[in-house]
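Here numbering that gives the first Met the number 0 is used: the first residue of the sequence shown is 0, the next is one more, and so on. Idealized CB from N, CA, C, for every residue including glycine. The block underneath contains the structure these notes are about, expressed in structure tokens.
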Amino acid sequence: MSKKDEMAPFYEYMCTSLKIPIDQALLDKLKEQNAKRLDEINKQLEDAEKNLVSFPMELDMKKHLHSDSPDTI
């Protein structure tokens, strides 16, 4: 799931919690993909704000899933 959904924070958390070695190359790749995805999500949220569109909950959830910070939402 973490590879498919590019969730670096989840991957890192699960490896640490389960005491499984972290594949650093994979983690770096996931973090890079997360940064790109977060940028896209933030642009969509900014566009929604500027155009007075209600915030789609789905975007907030996606942002939270791809963020390192647990208090993103």
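Using only the alpha-carbon positions, how far apart do Glu5 and Glu11 sit? Cα atoms of Glu5 and Glu11: separation of roughly 11 Å, rounded to the nearest angstrom.
Which of helix, strand or coil does DSSP assign to Met13? The three-state reading of DSSP puts Met13 in helix, counting H, G and I together.
Taking the alpha carbon of Ile40 as the point to measure from, which residue in Lys49, His65, Lys28 and Lys18 has its own alpha carbon closest? Nearest in C-alpha terms to Ile40, of all of Lys49, His65, Lys28 and Lys18, is His65.
Taking just the CA atoms, how far does Pro20 sit from Asp59? Taken atom to atom, the span from the alpha-carbon of Asp59 to that of Pro20 is near 30 Å.
Classify Leu58 as helix, strand or coil using the three-state DSSP reduction. Three-state result, Leu58: helix.
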